[in-house]
């Protein structure tokens, strides 16, 4: 019959805590014999409470607790050379599923220096780990589905752009042909946007690479002579959420298309410059050209679809849009200020 370890008087309070705990707890002697086990431990691991006291840890149940690594760590905790903090083990029992457990152990200072005791807490994380694996599987499946959707969207955009180009070649009206070309340019820019977003990780977009690729796509589809016209991109290392990048990308697309159509209508050479810089939550986006400049008076064109799109997007971004003469050319500037910071800076003193 195993000898029951004696309990020092000052350990009685710890013993009472173990016995009444709703969590799986073990109270061990320095030779890893069980002084007490909580009722929740016995229920959780299907061990008869009457058979626990005095047994060595490795003798519990059908011997499934006889784990050399665990015993070694507990012994090291007794000597003070190590401690067990969130040590994860697999408890394997005959004809039952393996359970994942988290073990924490502490050496108790109860006044009896000759008999060191350990308090061991066991947390069953089997269901938690299963839920985490299920979540990971769902995320992986969602990512695969998203990739398939993105691939189909890219193909669909290419097909639509091709149909519009074929239609533009067949129509007789120059006005209709121009509208079809504009529609194709917008679709191609959206396709470029979609390709960039599909390669962006973590839901954020690095603007320098994004604007560069977007403008390369616009230039390839709209600039017949790259030696006459060019698009330059100057962007700092800013990253923005994907939804913000969509709005910024569409603004750049519309303004670049507008400059290519109107700023260099007299076949002059020139450059369109895209500039973006940010400081904290404040940012400035400008699209400038050195073309013929802004028409005035009766020569000024009526606001079209592109202008309406830009104004709506700027409003959605809570920005301010200004158009000015660049002498030569035109510069369109969109500024966003962190209004929450301004309210804080100018709030009246208490």
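Residue numbers (UniProt numbering): 1 to 350.
Glycine residues also receive a C-beta, built at the ideal position from the N, C-alpha and C atoms.
For residue j and residue i, believed in contact at Cβ under 8 Å, the rounded distance
i: residue 101; j: residue 108; result: Not confirmed; about 21 Å, so no contact.
i: residue 329; j: residue 224; result: Residue 329 to residue 224, Cβ: 20 Å. No contact.
i: residue 32; j: residue 71; result: 6 Å
Cα-Cα separation between residue i and residue j, rounded to whole angstroms
i: residue 253; j: residue 132; result: 42 Å
i: residue 104; j: residue 37; result: 15 Å
i: residue 29; j: residue 79; result: 12 Å
i: residue 85; j: residue 49; result: 26 Å
i: residue 24; j: residue 81; result: 25 Å
i: residue 336; j: residue 312; result: 14 Å
i: residue 265; j: residue 143; result: 45 Å
i: residue 294; j: residue 325; result: 7 Å
i: residue 47; j: residue 60; result: 8 Å
i: residue 134; j: residue 45; result: 25 Å
i: residue 207; j: residue 309; result: 20 Å
i: residue 320; j: residue 123; result: 56 Å
i: residue 161; j: residue 167; result: 10 Å
i: residue 54; j: residue 138; result: 47 Å
i: residue 141; j: residue 243; result: 23 Å
i: residue 274; j: residue 173; result: 33 Å
i: residue 292; j: residue 230; result: 15 Å
i: residue 97; j: residue 34; result: 25 Å
i: residue 148; j: residue 157; result: 14 Å
i: residue 314; j: residue 260; result: 21 Å
i: residue 58; j: residue 136; result: 35 Å
Own chain partners of residue i with C-beta closer than 7 Å, once the 5 adjacent residues on each side are dropped
i: residue 94; result: 62
i: residue 165; result: 184
i: residue 73; result: 82, 84, 87
i: residue 282; result: 336, 337, 338
i: residue 40; result: 21, 22, 23, 24
i: residue 64; result: 91, 92, 93
i: residue 177; result: 168, 171
Residue i, buried or exposed, once every other Cβ within 10 Å from all chains shown has been counted against 16
i: residue 286; result: buried
i: residue 186; result: buried
i: residue 77; result: buried
i: residue 171; result: exposed
i: residue 327; result: exposed
i: residue 316; result: exposed
i: residue 245; result: buried
i: residue 22; result: exposed
i: residue 233; result: buried
i: residue 159; result: exposed
i: residue 145; result: exposed
i: residue 318; result: exposed
i: residue 127; result: exposed
i: residue 18; result: buried
i: residue 182; result: buried
i: residue 117; result: buried
i: residue 267; result: exposed
Close beta carbons around residue i, own chain, < 6 Å, minus the five adjacent residues each side
i: residue 332; result: 255, 287, 323
i: residue 298; result: Because residue 298 sits at a pLDDT of 49, beneath the cut-off of 50, its placement in the model cannot be relied upon, and the point is left open.
i: residue 279; result: none
i: residue 248; result: none
i: residue 228; result: 269
i: residue 219; result: 231
i: residue 106; result: 119
i: residue 42; result: 49
i: residue 334; result: 285, 314, 319, 321
Neighbourhood of residue i by C-beta distance below 8 Å, restricted to the same chain and skipping five residues each side
i: residue 277; result: 235, 236, 238, 283, 284
i: residue 125; result: 88, 100, 101, 102
i: residue 75; result: 32
i: residue 129; result: 100
i: residue 56; result: 2, 31, 32, 33, 34
i: residue 90; result: 98, 99, 100, 101
i: residue 226; result: 219
Chain B contact for residue i (CB, 8 Å cutoff)
i: residue 74; result: Absence of chain B from the displayed structure is noted, only one protein chain being present.
Residue i: CB within 7 Å of a non-hydrogen atom of the ligand MG
i: residue 169; result: Summarising the ligand content, the structure contains no ligands, and the ligand MG is consequently not present.
*Which runs of the beta strand (DSSP E) fall wholly inside the region 187 to 266 and span at least 3 residues, in chain order?*
Taking only runs of at least 3 residues, the beta strand (DSSP E) segments lying wholly in the region 187 to 266 are 204 to 206, 229 to 235, 239 to 241.
*Can you give, in chain order, each stretch of the beta strand (DSSP E) that sits fully within the region 49 to 124 and has at least 3 residues?*
Within the region 49 to 124, the complete beta strand (DSSP E) runs of at least 3 residues are 84 to 91, 99 to 108, 117 to 124.
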